[in-house]
Every structure is written in structure tokens, then in C-alpha cells.
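What follows is a set of notes on a single structure, which appears directly below.
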Amino acid sequence: MISIGDKVGGRYKIIDHIGSGGMSNVYLGHDLILNRFVAVKVLRFDFQDNKDSIRRFKREALSAAQLTHPNIVAVYDVDEENGQQYIVMEYNDGEDLKDYIKKHGPIEPKRAVFIMKQLLEALSLAHQNRIIHRDIKSQNVLIDHHDHVQLTDFGIAVALSDTSVTQTNTLLGSVHYLSPEQARGSRATIQSDIYALGIVMYEILVGKVPFDGDSPVSIALKHFQEDLPSIRSQIPQVPQALENVCLRATAKNPAVRYKSCQEMYNDISTAMDSKRKNEAKFDPKQQGKKNKVRVVKPVAELLSETKSQKDMRERIKSQHLDKMTKAKKPVKTSRRRKVHYFLLAILMMAMLGTLWVFLHPRSEQVEVPILSQMTLKRAEENLKEAGLTLGEIKKEKNDVVQKGYVIRSNPAEGKTVKKGSKVSLIVSSGKKLVTIEDYTGKSYSSVRKKLDKLGFNVERYEEASDNVKPGIIIDQDLKVGKKVDPHTTTIALTVSTGLESVSVANLSGYSEQEVRDYAQNNGFDLKISYASSDEIEKGFLVSQNPEAGSPLPFGGTLSVVISSGPSNDKKSLRTVQRWTRVSYLPKDGRGNSSNHIEVFIEDQNHKMNKPVQSLEISESTDINLTFELKPGQVGKYMIKRDGVIIEQNANVTG
């Protein structure tokens, strides 16, 4: 039995247990060869003899291994250790979407769209490869702190062409995300995956699943009996266009849902646009009535006369002639002519009508089948089966639909057309490639914005330069003119930091000569000034600019102050004292509060911008003011009580 500390397959060391599923345990492993963390999914010991469980476990590895996409957890390896099956997968250190929604839900609309678009891209790729997931739910979506999501657990996924799946197997998915047709026992389809994804979307926006109950049966009944609860009535800030995406994806009738993930992706991409601000609420039931397929009879059949209609016409004609022959009075010639002309006109109209019917027959009407996400060959077969022919084929770049697969058709899927009509196809010619430009000499910030928008992963490197300003690109690793897929390409840009900088040393304690030597050795321009100091020995550093540890480029200016020794007039300073009484002023009239007093003086050692004393008084207090003044120097002082000046003197002389 595989456990913590084991080395599986000779290269994967099991480090910790990180989760459990219905029939498997998941461990954090370390790939000793590639030096990376991996997730090791191990079939539980009690399922080792269950052939169905083993088959499902292997199917997960097979299905996921066919799909390479940043939003699908990658499968690296699959093997068996002492009779126990395991899958080695990409390790995602995030959490499942279900737990994330519990902590942070409901998710605001813009972030919800960002998450959903990633899931649609992942599921679109699976459908392109003819794989139905069948177990789409928030527990099978991993999300990290950057809102990057990955679809996982293809354990019950099946190929679209797999007709051996029983009705029992179609109910393996979670009942909270089960489509109405699956609840009735029908096989899973692309539309049932889209339904489940619509339920996940509802859960993201509202913070909970739409249908819940005491038992799986009661929940399943709600899926095909009850309308989806209104999102906007619970979360008003969700735009109607965005709710409409969810309503269409979760329509009870599969024909009303999106035909493909690509179609849903296109719709949700514009759901936040201002032009869709006043969009009406989508009604799946009304749309279902419009989508009912009916075969229209040819007009020739509708216009053709029945036998009884013919008999009736002949009988009327016979009766009319009898009346004419039995008339007692002779009919005037002019009147007879009019009757003949009238009958002749009717006969001509009947003949022309019959001729028009034969010359303009209305053929049977058919519906354009689902063609998107199919290979060209498969799409052509579907057209033939529907009684349609392949028309013009156009190529178009597409970031989602795989090369060689159909993006859309014209007329669109679901449209009613004449049988035998031509249907044009727009086929993906692969992802949109971007031509690498020459970014050197341009601002890194502006280039980075442009590359981020295109989908590139940008790496920044810095390098000093004597002749290029800071922030300007001086080199790039991709060749100019090369065509690349931005979504899978990393571009490295080298950015100038300007002149090469040196971290300035702490020159405290340096003599003037040592400072000069330091500046010369590092290529600095030295600026020296002198000042008297009673603390620093003559000829030694008093201060420096820039400060120690600051970057200074080659050729930059280093300014220092060197001590010239004690001040000559220090002995000539005289001390002057002043006493002043500060009155206490009660704030509440009863003397229960104190006054905040600040004293400012200006002399040889102090400036008026900073108080020399701060104190609290609750009674009138005498304060001593001491000044040190040079000969001829005038002192100043100012006293504030609770921020208000109450006394000041600008002429303290002794």
C-alpha cells in the first residue's frame, strides 16, 4: 500500500496526503528526476479488485493525457506499484472552486466572467477531441490566488462515439449539476456538459447551487421540473446579459442551449458590454417553442385539388350549363359573350396557377445540424445526413478552436433551410500568430502593456547602461519578424537601469584623505565642504550625501562635510534666562482638564520650528527659558496653550 515516505515508480517521493475522493487518495509528491512537485492520485486499496473502478481510473488518465491546455490539469505519468494503480499529475497548490466560493462567494460579475471563460476554453478543447467530461462541478475545478483555474477529474469522461455506455453510467455525475435529460436516463452529450457548466456559473454568481433537497431524487426532479431561480433577484449587480448566458446554458431543452462551448464563450465575452445593458431577459420556454422542428409540405401538395374538390367544381359547372339551356327566354348575344369570357378567364387562371406550382415547387425544409468543433470530414458527413451539401470553405484564425476544426457555419446551426441547400463552413487555421516587433529603444512600461494585452508572458531583466535612459528596452530574446502564438510564448526583455550604480559605503570615521581615495576608486565626483564641530575631530567626516546604502551611478556626485574643529566663538556664547508664568485655563469651567503647553525658542542651538519643551499643566505654572546667544545675537521665544499662541517675544538680548 502506497503511503507517506514511499518512493513510487523509482522517482516520485510521497511527501504528504492532500486529499481524498470517492475512490482515490491524492498525495503531494516530489519528482526526484525533474525536481518538481507533483500530485500523485492513487486508487484506494478497497477498489483494487473492482474492474469498473480500475477501468474508470485508467479512463481518467487516458482522457486527460489527450488534452494539453493551461486550464486542464496535465497528466505526466500513469503506472502501477505493487498492484496499486496511480496517476502522476500537475500539482496545483490552490483549492477547489467549491471551497473558494464558500469563503469568497458570491463572486463579482467581472471575475466570474474571467473564471468562466477559462473553463469554457478547457471544455471546448475536450469537446474538440470528442471527449464528454460528464462530471462538471465546482469540486472538479481548481483555482489559485490569481483566479487561474484548471479543470480536473476526467474519471467518468467518455468519447462522443462511445455507444457502449449504459444508462446507469450516465448518472455517475453529481446530482446537483445533472442535466434534465441525464436525470431521465439519456446519454451525456456536449449539451449536458454545457448545462453543468451553467450550474457552476450560477453557483459562482450567487454563492450556492440553484437546486438542493433532502435526497438525490428530489434534487434530480427539480432539474427538469423547476425553473432556474432568478440570479438578479438575489444579486442585482449581475447584468441581465450575463444572467441570460446562464439561463440559456441551463435551458431544460438541450436544443435551446448553446450548440458548443465556443458559442457560449462568444456570448459571455460580450455580456459585460454597455451595448447589451438593456437586453431583455432570456426565456428558455419561448425559445424552445421557436426551435421546434417541423417538416413543411411542398406547396404543390398543399395547392393540389382533392377528388371531392374536382367533383364539386364539375357539378357547379354542369348545373350552370343546365340553367342556361333550360332558360325560357333567349339570352342576348352580348351577355353570352360575357359569360364565355368570364369562364375563359377562370380557366386561364387555373392553368397558370397549376403551371406555377410545377415550375416553382417548394422543397422540404430541414435544420442545419451542429457542425462547430468538428473536423471538416465529420462536418461534411453531418451535412449529408441532414440532406444538405457542403458549400464554400473559408479559413480563419482562432485562439480557441483547434486547427482544422469548424468554427461556425453559414447559415448558422439550427437555422431552417431548403433541403439540398449549400452550407458554407468557416474552419480554424490555428491560433492567431503575432509577429515579433523590434522593441529595443522603446519604453518598457508601454511595451509590457501591449504584450500583456496580446497574451504574452513577459520576463524582465535589468542591466546598467552608460548611454540608455532608465526604463528603456536595450535587448530582447525573440528575433524580430518571428511569428509566434502569444498565449504559449514567453518573451524576455532587458531594460536599462541607467548608469551603473554603486551602493554608497558608510564613511563615518573616515578622514578627508580616506574620503578622497574612496571617491576616486569608485568613479564619484567629490564635493567637500567644511564645518566646525565640537564632537567630530578636525579633518574627519561630519556628514555625507547620499546616505550610506543609497545607489550612486558612476560619475555621480558624492557630497561630504569635513570637520574644521571646534567653533572659535563657542567661548563667547552667553547664557540668558527668562522666567514666565503660564496661566491655567480650565476647558470645562470646573478645572477637571489639563492644558497642553509647548515652548519654542530660537538661539545659537535652537530654531522656532520645533518645541524645546512640551508639558501638561492643571494649574498656573512658572517656566524657565534658557538661551545661548553669540555677541549681538537676539533670541526669540513663543508659548502655545492647546495650540494657541498665548505669549511671544522676538527681542531677547540679555
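Sequential numbering of the sequence shown, starting at 858, is according to the numbering used here. Just so it is clear, CB atoms sit at the ideal spot from N, CA and C, and this is done for glycine as well.
| Asked | Found |
| --- | --- |
| Taking only the alpha-carbon atoms, compute the straight-line gap between Gly876 and Leu954 and give it to the nearest angstrom. | 14 Å |
| What are the uninterrupted segments assigned as alpha helix (DSSP H) that are 4 or more residues long and contained completely in the stretch 1223-1248, given in chain order? | 1233-1242 |
| Using alpha carbons as the reference points, say which of Ile1502, Pro966, Ile1047 and Tyr1387 lies closest to Ser1440. | Ile1502 |
| Going along the chain, which residues of its own chain have a beta-carbon closer than 6 Å to the beta-carbon of Val1066, five neighbours each way excluded? | His1033 and Glu1060 |
| Evaluate Leu891 with the Cβ neighbour count: other Cβ atoms within 10 Å of its Cβ, from every protein chain shown; 16 or more gives buried, anything less gives exposed. | exposed |
| Below 7 Å CB to CB, which residues in the same chain sit around Lys870 once its five sequence neighbours on both sides are set aside? | Lys864, Gly886, His887 and Leu889 |
| Any beta-carbon of chain B closer than 7 Å to the one on Ile972? | No chain B appears in this structure, which consists of one protein chain only. |
| Strictly by DSSP, which residues pair up with His1463? | In the DSSP output, where bridge partners are listed per residue, His1463 has none listed. |
| Below 7 Å CB to CB, which residues in the same chain sit around Tyr1296 once its five sequence neighbours on both sides are set aside? | Val1304, Ile1330, Gln1333 and Leu1350 |
| Phe1313: which of His1344, Glu1249, Val1491 and Leu1442 sits nearest, CA to CA? | His1344 |
| Can Ser1360 and Gly1412 be called in contact, C-beta distance under 7 Å? | no |
| Write down the C-beta distance between Met973 and Ala896 rounded to the nearest angstrom, noting that I regard them as a contact closer than 8 Å. | Their Cβ separation, rounded to whole angstroms, is 24 Å, which puts Met973 and Ala896 out of contact at 8 Å. |
| Could you tell me if Tyr1318 is buried or exposed, where buried requires 16 or more neighbouring beta carbons within 10 angstroms of its beta carbon? | exposed |
| Does the distance from the C-beta atom of Ser1386 to that of Ser1424 stay below 7 Å? | no |
| Report the rounded CA-to-CA distance for Ser1358 versus Asn1481, giving the unit in angstroms. | 52 Å |
| Sorted by chain position, which residues of the same chain lie with C-beta nearer than 7 Å to Gly867's C-beta, five sequence neighbours on each side aside? | none |
| Taking 8 Å as the threshold, find out whether the stretch 1235-1247 comes into contact with the stretch 1263-1279 through three or more Cβ pairs. | yes |
| Going by other Cβ atoms of all chains shown within 10 Å of its Cβ, with 16 needed for buried, is Ala1106 buried or exposed? | buried |
| Taking the C-alpha atoms as reference points, what is the distance between Thr1478 and Thr1510? | 24 Å |
| Under 6 Å Cβ to Cβ from Glu1083, same chain only, skipping five residues before and after it: list those, please. | none |
| Nearest CA to the CA of Ser1080: which residue from Ser1072, Gln1091 and Lys1109? | One detail in the question is off: residue 1080 reads as His in this sequence, not Ser. The shortest C-alpha separation from His1080 is found at Lys1109. |
| For a test of the three-state rule: what should DSSP assign to Asn1449, helix, strand or coil? | coil |
| Can you have a look at Leu1228 and say buried or exposed, based on whether 16 or more other CB atoms are within 10 angstroms of its CB? | buried |
| Can you tell which of Asn1506, Leu976, Asn882 and Gln1143 has the C-alpha that lies nearest to the C-alpha of Val1491? | Asn1506 |
| Measuring straight from C-alpha to C-alpha, what distance separates His1453 and Thr1437? | 16 Å |
| Can you tell me the Cα-Cα spacing of Leu1062 and Cys1103, whole angstroms? | 10 Å |
| Would you check if there are 3 or more beta carbon pairs closer than 8 Å linking the stretch 959-972 to the stretch 1043-1055? | no |
| Below 8 Å on the Cβ atoms is my contact criterion, and I expect Leu999 with Val930 to pass it. Report the Cβ-Cβ distance as a whole number of Å. | 7 Å |
| Measure the alpha-carbon distance for Lys1174 versus Met1205 and round it to whole angstroms. | Bear in mind that the predicted position of Lys1174 carries a pLDDT of just 45, short of 50, making it unreliable; the figure below should be weighed with that in mind. Each residue's Cα considered, the two are about 16 Å apart. |
| Going along the chain, which residues of its own chain have a beta-carbon closer than 7 Å to the beta-carbon of Pro1443, five neighbours each way excluded? | Ser1450 |
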